[in-house]
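First the structure, in the form of structure tokens, and then the observations on it.
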Amino acid sequence: AEEAGVEEHHFTRAVATGALSMMTSRADGSRLKQSIYFNYDLPVDEGWTPRAADGEVQAFALWTMDELEQEVRAGTRLRPAMVAVMLDFLIRHGVITADSEPDYVALLAALHRDRLTFRATGPSV
Numbered sequence: 249a250e251e252a253g254v255e256e257h258h259f260t261r262a263v264a265t266g267a268l269s270m271m272t273s274r275a276d277g278s279r280l281k282q283s284i285y286f287n288y289d290l291p292v293d294e295g296w297t298p299r300a301a302d303g304e305v306q307a308f309a310l311w312t313m314d315e316l317e318q319e320v321r322a323g324t325r326l327r328p329a330m331v332a333v334m335l336d337f338l339i340r341h342g343v344i345t346a347d348s349e350p351d352y353v354a355l356l357a358a359l360h361r362d363r364l365t366f367r368a369t370g371p372s373v
């Protein structure tokens, strides 16, 4: 919200939609990181425009659902974590369905993976 300059009084409109989990690493497999993303839908007034407010985002773009779906499926402009968040959005809003996506069940499972726990093993000290 701070990236888009959303004013605090708008937060009362936010609707919790769930949580996604994701394990990421460097390309070589090192630096594993488990993240959980808590997602919300935030209805905004017609004509409201986000503004780059904190320096983390350079600009915002308004995409149609078709444009968003194409970006999620084959684009390069979103970070992997945001692809997951937008995929969840497209599923929840009926754009990607079991009828339209052969890998629907696998996609749902991938968005909700359990956290991985690594147990240290080795010689006792």
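Residues in the sequence shown are numbered from 249 upward in steps of one, following my numbering. All C-beta atoms, glycine included, are put in the ideal place defined by N, C-alpha and C. Nothing here was measured: the structure is a model prediction, and the numbers come from that model.
- When DSSP states are grouped into helix, strand and coil, LEU355 belongs to the helix group.
- Using a 10 angstroms sphere on the CB of ALA332, the tally of other CB atoms reaches 16 or more, which defines it as buried.
- Sequence-distant partners of THR265 (beyond 5 residues in either direction) whose C-beta falls short of 7 Å from its own C-beta, in its chain, are ASN287, TYR288, ASP289 and ARG340.
- In the same chain as VAL305, and ignoring 5 residues on each side of it, the C-beta atoms closer than 8 Å to its own belong to GLU251 and ALA252, in chain order.
- By the 16-neighbour rule on beta-carbons within 10 angstroms, ASP302 is exposed.
- Taking TRP311 as the centre and dropping the five residues before and after it, the same chain places the C-beta of GLU319 closer than 8 Å to its C-beta, in chain order.
- In terms of Cα proximity to GLU255, the closest of TRP296, PHE308 and ASP276 is TRP296.
- PRO298 and PHE308 have their alpha carbons spaced roughly 7 Å apart.
- Within a 10 Å sphere around the beta-carbon of ASP351 sit fewer than 16 other beta-carbons, which makes this residue exposed.
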